[in-house]
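Enquirer: What follows is a structure written as structure tokens; I'll ask about it next.
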Amino acid sequence: KNEVEQSPQNLTAQEGEFITINCSYSVGISALHWLQQHPGGGIVSLFMLSSGKKKHGRLIATINIQEKHSSLHITASHPRDSAVYICAVRARAYNTDKLIFGTGTRLQVFP
Amino acid sequence: KAGVTQTPRYLIKTRGQQVTLSCSPISGHRSVSWYQQTPGQGLQFLFEYFSETQRNKGNFPGRFSGRQFSNSRSEMNVSTLELGDSALYLCASSLDRGTLSSYNEQFFGPGTRLTVL
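Residue numbers (my numbering), protein chains in the order written: chain A, 15 to 125; chain B, 150 to 266.
The structure is reproduced here in structure tokens:
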């Protein structure tokens, strides 16, 4: 079993829909990242959080440390949101930035 | 402020050759991590450097090695290339104040796409 699990693996939406991507992890963490990767492109960090909730524009990320679960929400989705979204956790260990990645969620938003 | 840069962006090699990839972190960042991304295995941690020292290593064979220079720039080397080494190699840097309570956001470079023929 992977230490970081994401669901769903693939997601199709119509423009304007509210989207949720889920991430569950089994290790103790110091932080969780949500990353975005466009086809053929590099990776952009959307959020890094260790508790509570963060919002940036139409994107909202939440984390529940007790339940070892995080969600990424996209409100009013747009075709430009089409990308792979990756959850990654930083293990709770001294002196390391090592990230453990989920397998990613491929999102396609159609006009 | 310039982002993380990686060179070269694309590389084609043949089996048995060796390759060196370079990563320049964001100015002031002292921690550099390397990751491999393949369609089959996804993103996997290779190694992490901090102040010229390897701080952590992933589960990769000894053909994969790296180093960090005093200016925080980092290189990774793969010797005796195999077909399975074809991948996108990503570098990420973070500020890392070196304290237990610091959790440092990593900033990723655009990657080097290596194709082994």
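Heads up, the beta-carbon is just placed ideally off N, CA and C, and yes, glycines get one too.
Here's a check: name, in chain order, each residue in its chain whose Cβ is nearer than 6 Å to the Cβ of ILE33/A, leaving out the five neighbours to either side.
Expert: Counting from one through the first sequence, the residue named residue 33/A turns up at place 19. Closer than 6 Å at the Cβ level, and outside the excluded window around ILE33/A, lie ALA27, ILE88, SER91.
Enquirer: Going by CA-CA distance only, name the one from ASP234/B, LEU195/B, SER214/B that's closest to VAL265/B.
Expert: Numbered from 1 along the second sequence, position 116 holds the residue referred to as residue 265/B. Among ASP234/B, LEU195/B, SER214/B, the Cα nearest to that of VAL265/B belongs to ASP234/B.
Enquirer: Taking a Cβ distance cut-off of 8 Å, strictly less, list which residues of the stretch 37-65 of chain A are near chain B, in chain order.
Expert: SER44, ALA45, HIS47, LEU49, GLY55, GLY56, ILE57, VAL58, SER59, MET62, SER64
Enquirer: Whole-angstrom Cβ separation of PHE257/B and GLY55/A, contact assumed at under 8 Å?
Expert: To locate residue 257/B, count along the second sequence from 1; it is residue 108. To locate residue 55/A, count along the first sequence from 1; it is residue 41. Wrong, their Cβ atoms sit about 10 Å apart, outside the cutoff.
Enquirer: Please classify GLU231/B as buried or exposed, where buried requires at least 16 other C-beta atoms within 10 Å of its C-beta.
Expert: By 1-based counting over the second sequence, the position of residue 231/B is 82. Under this definition GLU231/B is an exposed residue.
Enquirer: With 9 Å set as the bound, which would you pick, yes or no: does the beta-carbon of LEU5/A sit closer than that to a beta-carbon of chain B?
Expert: In the structure as shown, chain A starts at 15 and stops at 125, and residue 5/A therefore has no counterpart that could be examined.
Enquirer: Under 7 Å between beta-carbons, which chain A residues line up against GLY260/B? List them in chain order, please.
Expert: Taking the second sequence and counting its residues from 1, the one referred to as residue 260/B is at position 111. Ordered by position in chain A, the residues that pass the 7 Å Cβ test against GLY260/B are GLY56.
Enquirer: LEU46/A lies in the beta strand (DSSP E); which residues open and close that run?
Expert: For the purposes of this step, residue 46/A is identified with residue 32 of the first sequence, where counting begins at 1. Where LEU46/A is concerned, the enclosing beta strand (DSSP E) stretches over 43-51.
Enquirer: Listed in chain order, which residues of the stretch 191-218 of chain B have Cβ atoms closer than 7 Å to some Cβ of chain A?
Expert: GLY191, LEU192, PHE194, GLU197, ARG204, ASN205
Enquirer: Using a Cβ cut-off of 7 Å, which residues of the stretch 162-195 of chain B contact any Cβ in chain A, in chain order?
Expert: SER180, SER182, GLY191, LEU192, PHE194
Enquirer: What's the C-alpha gap between HIS83/A and GLY215/B?
Expert: The residue given as residue 83/A occupies position 69 in the first sequence. The residue given as residue 215/B occupies position 66 in the second sequence. Those two C-alpha atoms are separated by around 34 Å.
Enquirer: Taking PRO22/A as the reference, which of VAL98/A, ARG104/A, PHE124/A, HIS70/A has the closest Cα?
Expert: The count along the first sequence starts at 1 and reaches residue 22/A at position 8. PRO22/A has its Cα closest to that of VAL98/A, out of VAL98/A, ARG104/A, PHE124/A, HIS70/A.
Enquirer: Using a beta-carbon distance below 9 Å, is SER263/B in contact with chain A?
Expert: What you label residue 263/B is simply residue 114 of the second sequence in a count that begins at 1. The sequence as given places Leu at residue 263/B; Ser does not occur at that position. For LEU263/B, the answer is no, since every Cβ of chain A falls outside 9 Å of its Cβ.
Enquirer: Using the C-alpha atoms, what's the distance from ALA45/A back to ARG204/B?
Expert: Start at 1 with the first residue of the second sequence, and residue 204/B comes out as number 55. Start at 1 with the first residue of the first sequence, and residue 45/A comes out as number 31. Their backbone Cα atoms lie some 18 Å apart in a straight line.
Enquirer: Helix, strand or coil: how does DSSP classify LEU263/B here?
Expert: Looking up residue 263/B in the second sequence gives position 114. Strand at LEU263/B.
Enquirer: Out of LYS206/B, GLY152/B, ASP245/B, GLY189/B, which has the shortest C-alpha to C-alpha gap to LEU237/B?
Expert: Taking the second sequence and counting its residues from 1, the one referred to as residue 237/B is at position 88. Comparing Cα positions, the closest option is GLY189/B.
Enquirer: Between GLU254/B and chain A, is any beta-carbon pair separated by less than 9 Å?
Expert: To locate residue 254/B, count along the second sequence from 1; it is residue 105. Judged by the 9 Å Cβ criterion, GLU254/B is in contact with chain A.
Enquirer: Closer than 9 Å by beta-carbon distance: list the chain B residues that pair up with ILE100/A, in chain order.
Expert: Residue numbering aside, residue 100/A sits at position 86 when the first sequence is read from its first letter. Within chain B, the residues near ILE100/A are GLY191, LEU192.
Enquirer: So what does THR163/B bridge to, in DSSP terms?
Expert: As a first step, residue 163/B must be located in the second sequence, where it is residue number 14. Its beta-bridge partners do not exist; DSSP assigns none.
Enquirer: From what residue to what residue does the beta strand (DSSP E) around LEU237/B run?
Expert: Residue mapping note: residue 237/B aligns to position 88 of the second sequence, counting from 1. Note, LEU237/B: beta strand (DSSP E), 236-243.
Enquirer: Given MET62/A, which residues of its chain have a CB within under 6 Å of its CB, disregarding the five upstream and five downstream residues?
Expert: Within the first sequence, the letter at position 48 stands for residue 62/A. The answer, listed in chain order, is ALA45, HIS47.
Enquirer: Have a look at ALA151/B and CYS172/B and give me their C-alpha separation to the nearest angstrom.
Expert: Counted from its first residue, the second sequence places residue 151/B at position 2. Counted from its first residue, the second sequence places residue 172/B at position 23. Roughly 13 Å between the two C-alpha positions.
Enquirer: If we define contact as Cβ-Cβ less than 9 Å, is GLN122/A a contact residue for chain B?
Expert: To locate residue 122/A, count along the first sequence from 1; it is residue 108. False, the Cβ-Cβ gap to chain B never drops below 9 Å.
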